[in-house]
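In UniProt numbering, the protein residues as written are 1 to 137. Here a beta-carbon is modelled for each residue, glycine too, at the ideal position from N, C-alpha and C. Below is one structure, written out as structure tokens; the observations come after it.
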């Protein structure tokens, strides 16, 4: 027997946040794939002292995680690995530029806010309109 419950304002807020985070990740991955190219992204990783081949699982995580968030299919569970992905970007790329994203070479302000949004998605759950909705307890 399936129990149907009405969505709350929090469910709609979780939906809005989840879908926004997912779209942002799809755009972020698209930049790596279609603008910088996978080989160029791998080269950038290598220039940071990170093995270049790690660019490929990162791009995969961003695409799969972005889709999972948009669709609400295990999205909340991928929110934490995606937040760790952004934490890596802060440590390796944006941290030395300072806090403000308008600083030369971009600071980590935007990424920190994005991480907080992903943690909120994890804590709130998938919200309304999710393909596989887990009920908060």
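Next item on the list: Following the continuous alpha helix (DSSP H) through residue 115, name the residue where it begins and the one where it ends.
Entry: For the purposes of this step, residue 115 is identified with residue 115 of the chain shown, where counting begins at 1. Residue 115 -> alpha helix (DSSP H) spans 109-124.
Notebook entry, point to check: Just how far apart, CA to CA, sit residue 1 and residue 126?
Noted result: For this step, residue 1 is matched to residue 1 along the chain shown. For this step, residue 126 is matched to residue 126 along the chain shown. Annotation note: pLDDT 49 at residue 1 (below 50); position unreliable, no value reported.
Next item on the list: Flag this pair as yes or no: are the beta carbons of residue 21 and residue 114 separated by less than 9 angstroms?
Entry: Against the chain shown, residue 21 aligns to sequence position 21. Against the chain shown, residue 114 aligns to sequence position 114. Against a cut-off of 9 angstroms, the Cβ pair of residue 114 and residue 21 comes out as a contact.
Checklist line | Residues near residue 94 by beta carbon distance below 7 angstroms, same chain, minus five either side | finding: Locating residue 94 in the chain shown gives position 94, counting from the first residue. Residues 106, 107, 108 and 111 of the same chain have their beta carbon placed closer than 7 angstroms to that of residue 94, with the five preceding and five following residues left out of the count.
Notebook entry, point to check: Among 68, 67, 69 and 39, which has the Cα closest to the Cα of residue 55?
Noted result: As a position in the chain shown, residue 55 is number 55, starting the count at 1. In this structure, 39 is the residue among 68, 67, 69 and 39 with its C-alpha nearest to the C-alpha of residue 55.
Checklist line | Three-state secondary structure assigned by DSSP to residue 73 | finding: Locating residue 73 in the chain shown gives position 73, where the first residue counts as 1. Residue 73: strand per DSSP, three-state reduction.
Checklist line | Close-in-space but distant-in-sequence residues of the same chain around residue 32 (CB under 6 angstroms, 5 per side omitted) | finding: In the chain shown, counting from the first residue as 1, residue 32 sits at position 32. Setting aside the 5 residues that flank it on each side, residue 32 is surrounded in the same chain by 41 and 59, each with a C-beta closer than 6 angstroms to its C-beta; the list follows chain order.
Margin query: Quick check on the burial criterion: 16 or more other C-beta atoms within 10 angstroms. Buried or exposed for residue 62?
Written below: On the chain shown, residue 62 is found 62 positions in, with the first residue counted as 1. Buried, since its Cβ has 16 or more Cβ neighbours within 10 Å.
Notebook entry, point to check: Looking at C-alpha atoms only, which residue of 9, 34, 14 and 5 is the closest neighbour of residue 79?
Noted result: In the chain shown, counting from the first residue as 1, residue 79 sits at position 79. Ranking the options by Cα distance to residue 79, first place goes to 14.
Margin query: Using DSSP's beta-bridge definition, name the partner residues of residue 132.
Written below: Here residue 132 corresponds to residue number 132 of the chain shown, with the count starting at 1. In the DSSP assignment, residue 132 forms a beta bridge with 73.
Item checked: Among 45, 129, 117 and 119, the one whose alpha carbon lies nearest that of residue 70 -> Residue numbering aside, residue 70 sits at position 70 when the chain shown is read from its first letter. Nearest C-alpha to residue 70: 129.
Note to self: Quick check on DSSP: helix, strand or coil for residue 38?
What the structure shows: Translated into positions along the chain shown, residue 38 becomes position 38. Helix at residue 38.
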